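Take a look at the structure below.
Residue numbers (UniProt numbering): 1 to 805.
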């Protein structure tokens, strides 16, 4: 029971080492990326402070000299220099014309394995890349700004060429034979300038042998525009089957409108996609910009947050945010932690309590000592875990990926068959019909909606779940959690608070309970054991006068001995009493009664006589009964407690919480074996725990759930972390899981249905029955609307996730 008490609130450590370097970039981007070695030598690459050129703290890395403000920063740099050295900038693709902020890493929302420094396009799907972790002050997406300009500037030309093309013969007396030339003049800037990014991506898809939506759009627009240019410049090369009313038909308006509508769709999609990162931006915005440091000479100064070092003493005044993770040295206050944990009530903090960076100090003034900064803080790790989860691939997406891999090739084949079918068997002008229907097939069959179906849902759900204190490590956890029917829970730190609290004192006949507590607390002043802290704390709360112990001796695992006020005291379990030859059986019944209540019992003897009992318990969290009721209501019909504590104590807690299956004195391997056994029985198992001994079972379970108040090892082994260590978070996470998977199904169903209906319609299969054909203009509008609708549907999850807690 006591092993976990030492880990209370120590989860803000260094799990996820592989990502720590990236988390520091927003704070240290300028430090190691100086243009010249000279300027780099004047800036501490760890904290960003200015450093004199003759600083004694310096080192070299990859042929460049670096100088530091202190030996502490130098040691950090030597331990992991790559973390503080800015990566070189990759060349920027010509499609955006805008350079990224130095060091910003970008990825593709559909292919998270694609990474590069700076914005650009995905070599696999051609989609605009976006920052791995959105920056708070990143400004407007350069791709969005570029596409918006390309949409608005040539839009008047698109409108004019469309009016001319749709006017029939009304404008012929005015325009005469100049009509196709005027359309060519109007459409060319729209297609060649406005649509230039499309053709660049089309060429990249061919060069990379990765057919995608831009393969279809580039081919369709190029075919319509190229055909029309030839028909205008050399109409004589076309046979009679291409002529309508004696003229070769041109389709400049189709090419121009497709480009404009596709640009509009991209603008709307990019704008909607930017909202999926709103949750991470909100988390980043929580961090204060400065901290108030107390110097050794008694002075105080406000310093940038990046200048705070572990060990610094910081003042946090009422209404200010806690700058970094640390421990309270002086003062008492109530701290609002709802922004990170979802807990609505402020938490009381006093000397010795842990505080989390970015939480709000509401009332009293605090002096704290900084313990964890930069990538080690809870906030930084939450941001990193959310970013990692957002970029993970949902198992459901694998089917969509396999379909999309062949989709473009099949669509190109259908477009070719459409062209040949209409040309050979259609009504006059057959080949003109064939061309325009083939273009409609290429344009409407955009696989973008299919590719975005699950990534957008995952991004929105994980980001907003994080603001409720629920951290998914990957998309697979979201899918699997809704299927869980069996939950294994650890006791200490999961069902209970995880730290001992004083329970009660029982005095032997003729003794006083307060005197028993005073003697036990006096002796325990020399112990560092969590049980001792609970006893001493209660005595001080009652203002009992404690005496200094002499000849203190700790017997590991069984108790302590010493002399207090001239009396020889022994405090411990029955094994210690037996070892000392002390008769304790007169108190056996009271001791057993306390154990059945879930308390740990210590006997106190003075001068060889048992004088009383002191009981310490690990209290059940007040939220646990409600959480278990919610879980049962949500379909988790089997809950098992597996703990390393004694079976009597475990059964007492199980009885109080109506948990029928209770396993005590369980070793880490036993928990692991239990998970495996249940899985062999066909159960979908979730394991919730907070200690090192839970890590193997957390890793094996279908969904491992770590308490955020637990250990680093537990968090790194789990797929789901509850920041505030409240089991109610599992019910909230399960609701989010159900809503997210439903949203994924909706998006995938829409994407598949859209293409299943759109392609045959564009190919003209309904023409014999209805006499109607799908114009490429309508196809372009539908193509853009499909992607935007998928993203918009995913954004509805913000309400679902927000209501989860």
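Each residue gets a CB set at the ideal place from its N, CA and C atoms; glycine is no exception. Just so we're clear, the structure is a prediction, and the values are computed from it rather than from any experiment.
Check the DSSP bridge columns for residue i and list the partner residues they point to.
{"i": "residue 321", "result": "360"}
{"i": "residue 373", "result": "Looking at the DSSP assignment, residue 373 forms no beta bridge with any residue, so it has no partner."}
{"i": "residue 460", "result": "According to DSSP, residue 460 bridges with nothing at all."}
{"i": "residue 663", "result": "642"}
{"i": "residue 77", "result": "The partner list for residue 77 (beta bridge, DSSP) is empty, contrary to what the question assumes."}
{"i": "residue 252", "result": "DSSP, once it has assigned bridges, lists no residue as partnering residue 252."}
{"i": "residue 116", "result": "106"}
{"i": "residue 425", "result": "Answer is none; residue 425 lacks a bridge partner."}
{"i": "residue 270", "result": "None; residue 270 has no bridge partner."}
{"i": "residue 292", "result": "302, 315"}
{"i": "residue 59", "result": "66"}
Pick helix, strand or coil for residue i, following the three-state DSSP scheme.
{"i": "residue 471", "result": "strand"}
{"i": "residue 566", "result": "coil"}
{"i": "residue 280", "result": "helix"}
{"i": "residue 154", "result": "coil"}
{"i": "residue 490", "result": "coil"}
{"i": "residue 723", "result": "coil"}
{"i": "residue 766", "result": "coil"}
{"i": "residue 8", "result": "In this prediction, residue 8 scores a pLDDT of 34, lower than 50, which makes its location untrustworthy; the coordinate-derived value is nonetheless stated afterwards. If DSSP states are grouped into helix, strand and coil, residue 8 belongs with coil."}
{"i": "residue 746", "result": "helix"}
{"i": "residue 688", "result": "strand"}
{"i": "residue 140", "result": "coil"}
{"i": "residue 192", "result": "helix"}
{"i": "residue 525", "result": "coil"}
{"i": "residue 198", "result": "helix"}
{"i": "residue 542", "result": "coil"}
{"i": "residue 783", "result": "helix"}
{"i": "residue 441", "result": "helix"}
{"i": "residue 287", "result": "coil"}
{"i": "residue 15", "result": "Note that residue 15 has pLDDT 33, beneath the 50 cutoff, so the model's placement of it is unreliable and no number is given."}
{"i": "residue 547", "result": "coil"}
{"i": "residue 247", "result": "strand"}
{"i": "residue 351", "result": "coil"}
Give me the Cα-Cα distance between residue i and residue j, rounded to the nearest whole angstrom.
{"i": "residue 247", "j": "residue 112", "result": "50 Å"}
{"i": "residue 46", "j": "residue 576", "result": "53 Å"}
{"i": "residue 660", "j": "residue 468", "result": "30 Å"}
{"i": "residue 429", "j": "residue 413", "result": "22 Å"}
{"i": "residue 466", "j": "residue 473", "result": "11 Å"}
{"i": "residue 475", "j": "residue 687", "result": "18 Å"}
{"i": "residue 362", "j": "residue 314", "result": "16 Å"}
{"i": "residue 648", "j": "residue 684", "result": "29 Å"}
{"i": "residue 350", "j": "residue 591", "result": "33 Å"}
{"i": "residue 656", "j": "residue 538", "result": "25 Å"}
{"i": "residue 198", "j": "residue 292", "result": "52 Å"}
{"i": "residue 658", "j": "residue 674", "result": "20 Å"}
{"i": "residue 142", "j": "residue 132", "result": "15 Å"}
{"i": "residue 452", "j": "residue 617", "result": "51 Å"}
{"i": "residue 629", "j": "residue 637", "result": "10 Å"}
So the candidates are the options; which of them puts its Cα closest to the Cα of residue i?
{"i": "residue 619", "options": "478, 116, 653, 775", "result": "653"}
{"i": "residue 782", "options": "663, 260, 318", "result": "260"}
{"i": "residue 505", "options": "534, 494, 480", "result": "534"}
{"i": "residue 67", "options": "51, 374, 61", "result": "51"}
{"i": "residue 267", "options": "140, 299, 307", "result": "140"}
{"i": "residue 494", "options": "336, 727, 302", "result": "727"}
{"i": "residue 148", "options": "270, 508, 210, 162", "result": "270"}
{"i": "residue 191", "options": "601, 671, 257, 84", "result": "257"}
{"i": "residue 663", "options": "669, 672, 651", "result": "651"}
{"i": "residue 117", "options": "125, 617, 107", "result": "107"}
{"i": "residue 482", "options": "406, 635, 498", "result": "635"}
{"i": "residue 243", "options": "427, 383, 526, 105", "result": "427"}
Flag residue i as yes if its beta-carbon sits less than 8 Å from any beta-carbon of chain B, otherwise no.
{"i": "residue 227", "result": "Going by chain labels, chain B is absent from the structure shown, which holds only one protein chain."}
Contact between the stretch 243-260 and the stretch 176-188 is defined here as three or more beta-carbon pairs at a separation below 8 Å; is this criterion met? Using a Cβ-Cβ distance cut-off of 8 Å, the stretch 243-260 and the stretch 176-188 are in contact, since at least three pairs of beta carbons, one from each stretch, lie closer than that value.
*May I ask you to verify whether the stretch 542-557 touches the stretch 512-529, counting CB pairs closer than 8 Å and requiring at least 3?*
Between the stretch 542-557 and the stretch 512-529 there are three or more C-beta pairs closer than 8 Å, enough to call the two in contact.
Taking three-plus beta-carbon pairs below 8 Å as touching, is the stretch 104-122 in contact with the stretch 215-229?
Verdict: no, contact absent.
query = Between the stretch 769-778 and the stretch 726-738, are three or more C-beta pairs nearer than 8 Å?
reply = With a cut-off of 8 Å, the stretch 726-738 and the stretch 769-778 do not count as touching, because too few Cβ pairs lie within range.
- Any contact of the stretch 482-497 with the stretch 638-645, i.e. 3+ C-beta pairs under 8 Å? Because the criterion of three Cβ pairs below 8 Å is met, the stretch 482-497 and the stretch 638-645 touch.
#### Entry: At least 3 beta-carbon pairs within less than 8 Å: the stretch 317-333 vs the stretch 286-293
Counting C-beta pairs with one atom in each stretch, the stretch 317-333 and the stretch 286-293 have three or more that are closer than 8 Å, which means they touch.
Three CB pairs or more closer than 8 Å across the stretch 747-757 and the stretch 365-372 = No: the two stretches stay apart, fewer than three of their Cβ pairs being nearer than 8 Å.
| query | Would you call the stretch 210-222 and the stretch 441-456 touching, i.e. three or more CB-CB distances under 8 Å? | reply | The answer is yes - the stretch 441-456 touches the stretch 210-222, with three or more Cβ pairs under 8 Å.
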